[in-house]
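Protein chains in written order, with the working numbering: chain A, 357 to 713; chain B, 357 to 713; chain C, 357 to 713.
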């Protein structure tokens with residue numbers, strides 16, 4: 357039992373000259389007590405000790421090597437975990453339903469680098485990245501939702517989306533990222549493979565897909581547009597969105613417009629919210645809605661209110677309260693409550709601690 | 357391939373000022389050749405190369421951050437592993453049978469933080485700990501059995517216990533620990549959730565539970581009492597014990613009294629043993645017994661004798677011999693032997709090496 | 357998120373005195389775009405983003421402790437991973453088919469130390485090693501194939517071998533290695549256990565086995581001979597080979613002769629190849645063949661040509677092209693293509709990047 361010494365800022369002079377290549381160990385352990393209740397005859401409430409209420413729990417290793425001439429080579433291995441019970445999270449190997457773990461694997465899913473596992477080359481021309489990575493279009497929902505698409509407050513266009521296997525990440529991807537020095541313009545493009553045999557079957561391109569994201573950030577403004585398509589014989593999945601951020605003093609206003617399509621079903625939604633900094637803490641609020649064209653026209657809107665108090669840069673306490681109202685054939689709830697029927701409402705809260713390293 | 361430098365004691369002066377937060381990588385790799393044989397017609401013996409004969413093999417990360425004002429935030433992620441074949445050990449996600457991995461997962465169970473995965477806040481008021489952790493009552497068996505509830509010598513009240521899923525650890529737990537400065541008094545309380553929907557079903561509280569442990573350590577004496585209950589519709593599980601340690605020169609005398617209940621079945625047992633230090637080694641001996649009220653009144657008693665030689669603080673060689681005698685409908689054996697019938701006896705040994713880091 | 361500082365060579369003076377025991381974190385992330393096509397009516401080609409085209413992707417921890425008197429204690433925990441999708445690789449717990457993960461575990465296999473998980477003692481008498489380790493006989497194929505038994509170019513006696521579960525590694529093994537100072541002679545012996553009950557069943561020794569390897573390296577020459585047997589009621593598996601390396605200036609000539617047996621089927625093969633160093637890169641070429649006595653006398657020969665360019669010691673770009681021709685009832689292909697029938701041919705290539713740390 358020995359200590360791996362870890363430190364925040366500059367290093368000893370005697371080290372500096374040698375540190376041409378480094379490996380960073382990083383992680384987040386986020387635990388939260390959650391409660392959810394719903395309305396309707398036969399409804400149930402639920403208490404849980406859950407993970408990832410504020411930030412997604414993870415354990416990772418990443419490294420960057422300077423190859424000279426502006427070129428560098430990096431890798432990134434990041435595993436999600438459910439620290440409420442110690443399990444790891446499964447990944448999807450081929451961007452199709454067959455690439456996911458079968459359902460009843462309780463307790464057995466070990467550490468997989470499901471969140472990201474990439475190797476990359478970068479230079480002043482940008483970055484080329486290979487492996488499992490976030491899809492371009494998900495960034496607009498992760499970064500422009502005041503609740504970061506996590507916990508009781510997560511926005512409906514993320515929680516209720518009809519975008520399937522590649523909504524958040526894709527395996528077998530090749531990505532390209534614009535360099536940082538383009539006067540505020542940023543962007544990325546990604547293509548990924550379902551790895552089926554090309555044999556003329558109508559499923560031969562299942563799980564193949566591509567996405568693109570372009571944005572502009574300058575001063576108080578940040579705006580980004582993304583579009584993507586994943587191919588399936590049963591009908592392609594398309595995920596498109598537009599996101600806007602505007603900083604006014606201590607307030608950050610956030611908004612996302614979403615338009616999805618999964619085969620013949622379309623989905624539409626939005627998030628409108630704000631983060632307001634107060635000393636070492638911040639207030640978070642959001643209103644979001646998502647509706648689809650599926651049978652019964654399911655729709656739900658959610659109002660979320662939260663507060664985060666930073667004990668340090670690494671440690672934060674947080675709480676969130678959210679209320680959701682279903683319409684049509686929608687039966688969504690918060691924090692694992694079960695509603696008594698269609699069109700009911702649900703309320704829940706999180707109370708947690710997040711420790712990063 | 358680079359070295360993460362690791363070191364035992366103080367650190368360079370140039371580091372000390374910066375090291376306000378640290379991450380510790382730790383582990384144990386313990387491999388042992390085991391043999392077991394049993395009596396009776398049709399019995400079999402078995403040779404294995406096994407793990408965790410002396411200390412439980414593991415790999416972990418933990419960290420502590422000083423938040424100022426006596427407050428600190430910590431995390432602990434500890435995975436068990438079977439280093440005889442490289443597999444990780446599964447966890448249980450909900451303190452019920454449904455939260456365990458299905459049986460035939462040979463070779464697939466990856467690294468899960470099944471041993472402990474917690475995030476905590478501590479101060480001069482004690483520690484608040486959230487996640488998967490040891491139950492309070494198991495400590496009396498882990499710490500007061502001369503063989504630490506591991507290997508051929510592990511005491512019967514641990515090996516034969518009727519305490520089910522939460523015998524050793526619980527997921528979704530909230531724990532509180534008394535601070536260290538209470539004049540020898542120590543203690544902890546824990547509550548954990550089965551996370552079922554509260555829907556009026558008679559199983560809605562399955563996997564919920566709580567435990568408490570209080571002890572007193574001063575000079576040669578250490579005594580601790582623990583009690584716990586986990587709720588199930590099929591009948592609650594109760595686990596209670598009382599443990600005593602007395603140090604006399606190089607000899608440590610150890611004893612545990614155990615009283616369990618699983619629905620309508622009760623279990624009773626004890627451990628009486630000693631550890632005797634000789635130079636860099638120690639002799640270990642224990643006599644233990646466990647009996648239940650199940651059909652046929654199964655009971656077994658075991659005598660265990662062992663020796664550990666410490667090549668260094670990190671590396672130890674060890675051997676243990678144990679003999680077990682069944683009574684009534686008991687058919688227990690040592691190290692995977694199979695007995696020819698009820699009431700037979702079994703003998704086995706371990707010969708291993710333990711390396712920690 | 358903090359940095360674990362990592363460095364290559366000497367350490368600060370203030371450290372040197374303390375570093376008596378160390379833990380090394382190491383790994384390889386290798387991603388490659390692969391393509392394969394095959395001939396025959398109904399054949400298919402396939403594109404994939406794969407892992408381990410040049411070196412096997414892995415993540416590991418190992419440590420060595422100096423115990424004084426020439427004795428040291430070590431451990432080695434090494435996990436394979438598929439960084440194209442973030443999954444870990446499963447292990448085999450008992451050297452039998454029952455010790456492997458059931459097939460459809462897509463996305464769930466977490467990090468297991470399937471590549472190696474050992475604890476060992478070593479001195480001037482050699483090394484004693486316990487746990488899951490490479491079998492002695494596989495080293496001749498890993499080290500004397502110019503393509504290291506990986507990627508599109510991997511030699512047929514490795515890819516097509518009939519050697520089953522213990523072809524590459526064995527769990528529950530006890531190994532002995534000769535010390536390094538024997539004037540160029542090297543060698544190892546290994547025995548491993550299937551851990552079945554010894555109950556007189558004809559499967560009681562399934563998965564038990566042993567292997568031995570002896571070699572001689574001096575100046576430009578390296579030659580090694582290996583033999584092994586794993587016992588199964590269905591018929592033992594025997595794997596024997598002879599390997600030769602000869603260095604002539606920038607060229608390394610390599611050859612392996614292989615003779616296997618699995619129950620009543622015998623297999624024969626060879627590899628003949630070369631590696632030619634050119635500046636920071638190297639050309640690799642190999643011709644290999646493997647044939648068995650199974651129904652229809654399947655046989656295939658492969659020609660592989662590749663180039664590796666080292667951007668640094670850690671980072672390499674590589675490409676390989678290979679062509680395979682089947683004979684008899686053989687239907688092998690390269691990179692996941694499907695052949696239209698028996699006796700067809702296949703072609704494929706890899707284009708990838710390897711980053712080690």
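Glycine included, C-beta positions come from ideal geometry on N, C-alpha and C.
Please read these numbers as outputs of a predicted model, since none were measured by experiment.
- Sequence-distant partners of residue 406(A) (beyond 5 residues in either direction) whose C-beta falls short of 7 Å from its own C-beta, in its chain, are 388, 390, 440.
- Of 483(A), 477(A), 446(A), 454(A), the smallest CA-CA separation from residue 471(A) is found for 446(A).
- No Cβ of chain A is located within less than 8 Å of the beta carbon of residue 449(C).
- When DSSP reads this structure, residue 388(B) sits in a beta bridge with 406(B), 708(B).
- Non-local beta-carbon contacts of residue 532(A) in its own chain, meaning distances under 8 Å to residues more than five positions away in sequence, involve 482, 483, 484, 485, 544, 545, 546 in chain order.
- By the criterion of a C-beta distance shorter than 6 Å, residue 431(C) is surrounded in its chain by 419, 475, once the five residues flanking it on both sides are discounted.
- Taking a beta-carbon distance threshold of 8 Å, residue 679(C) does not count as an interface residue toward chain A.
- Scanning 705(B), 684(B), 386(B) for the CA closest to the CA of residue 661(B) turns up 705(B).
- Residue pairing for residue 678(C): DSSP places it in a beta bridge opposite 660(C), 704(C).
- Relative to residue 434(B), the option among 670(B), 612(B), 468(B), 680(B) whose CA is nearest is 468(B).
- For residue 432(B), the enclosing beta strand (DSSP E) starts and ends at 427-438.
- The beta-carbon of residue 624(A) is placed no less than 8 Å from the nearest beta-carbon of chain B.
- Burial of residue 631(C) is indicated by the presence of at least 16 other C-beta atoms within 10 angstroms of its C-beta.
- Going by DSSP, residue 506(C) is part of no alpha helix (DSSP H) at all; its letter is neither H nor E.
- Look at residue 558(A): its C-beta is not under 8 Å from any C-beta on chain C.
- Residues are counted here when their Cβ sits less than 9 Å from a Cβ of chain B; for the region 496-513 of chain C the count is zero.
- Counting along the chain, the unbroken beta strand (DSSP E) around residue 626(A) starts and ends at 621-634.
- When CB distances to chain C are screened at a threshold of 8 Å, the residues of the region 524-541 of chain A falling below it are 527, 528, 529, 530, in chain order.
- Within 7 Å of the CB of residue 443(C), the CB atoms of chain A belong to 447, 449, 468, in sequence order along the chain.
- Among the CB atoms of chain B, none fall inside 8 Å of the CB of residue 483(C).
- In the DSSP assignment, residue 495(C) falls within the unbroken alpha helix (DSSP H) covering 495-500.
- Within the DSSP secondary-structure output, residue 468(B) pairs in no beta bridge.
- Near chain A, meaning a CB-to-CB distance below 9 Å, the residues of the region 680-710 of chain C are 692, 693, 694, 708, 709, 710.
- At a beta-carbon threshold of 8 Å, none of the residues of chain A lie near residue 628(B); the nearest stands roughly 30 Å away.
- Under the Cβ criterion of 8 Å, residue 561(C) is not counted among the residues facing chain B.
- The bridge partners DSSP lists for residue 587(A) come to none.
- Residue 455(C) sits in a helix when the DSSP states are folded into three classes.
- Taking residue 555(A) as reference, the option from 558(C), 666(C), 397(C), 500(C) with the minimal CA-CA separation is 397(C).
- Per DSSP, residue 551(C) has no beta bridge partner at all.
- The beta carbon of residue 643(B) does not come within 8 Å of any beta carbon belonging to chain A, so the residue lies off that interface.
- Between residue 563(C) and residue 575(C), the CB-CB gap reaches or exceeds 8 Å.
- Residue pairing for residue 485(A): DSSP places it in a beta bridge opposite 476(A), 531(A).
- Between residue 439(A) and chain B, the shortest Cβ-Cβ separation is below 8 Å.
- A direct Cα-to-Cα measurement between residue 587(C) and residue 518(C) gives close to 14 Å.
- Residue 697(C) and residue 614(C) have their C-alpha atoms roughly 27 Å apart.
- Looking only at 497(C), 525(C), 526(C), 558(C), the smallest Cα-Cα distance to residue 646(C) is reached by 497(C).
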